[in-house]
Amino acid sequence: MTRLSRLFSGRPESVRDARCFAWTYVAERVTGELAHSVELVVSELCTNAVEHTASGRPGGWFLLELEMHPDHVRVSVMDNGALATVPASSDGVDLDAVSGRGLFIVEAVSKAWGAENVLAGRRVWADVVGEVA
């Protein structure tokens with residue numbers, strides 16, 4: 001397993017930076033399809049950290065961690081703590097809504113995902129399956 005992490009400020013523009021960071025790391029190590037799925041999951045989890053946790057407040061931050069495994073890439077985002085609880089599943093998602101489908105998307109492209117409390121806040125992770133070089 002290979003792991004790489006980076007700390008980002010909790011600003012909306014940092015989500016783009018996190019996507020670029022993830023793409024640069026995985027693009028030459030996995031298939032194009034898996035790289036796109038990882039980029040999508042990074043985007044959703046980082047957006048949730050900025051929009052729905054204390055990470056989006058002044059001085060907030062989030063940590064993106066990418067782990068390469070033989071059959072998947074684990075994407076983890078640690079935030080500064082939740083302002084609300086994480087839903088246990090994506091059940092009841094309004095597919096016609098303009099927003100609010102992030103975890104539904106994460107669940108759709110991942111073999112597993114979850115959330116756990118950590119000392120600094122909360123960590124949300126997803127295992128994105130595909131061909132790893």
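Residue numbers (UniProt numbering): 1 to 133. We treat Cβ as the ideally placed atom computed from N, Cα and C, and that holds for glycine.
- The three-state secondary structure of S43, taken from DSSP, is helix.
- Under the DSSP assignment, S14 falls in the alpha helix (DSSP H) whose first and last residues are 13-26.
- DSSP places V128 in the uninterrupted beta strand (DSSP E) bounded by 121-129.
- The beta carbon of G60 is closer than 7 Å to those of G10, A54, N80 in its chain, skipping five residues each way along the sequence.
- In the DSSP annotation of this structure, V132 is not part of any alpha helix (DSSP H), being labelled neither H nor E.
- As DSSP reads the structure, F8 sits in a beta bridge with F62.
- Counting along the chain, the unbroken beta strand (DSSP E) around A112 starts and ends at 112-118.
- Assignment of H72 by DSSP, reduced to helix, strand and coil, places it in the strand class.
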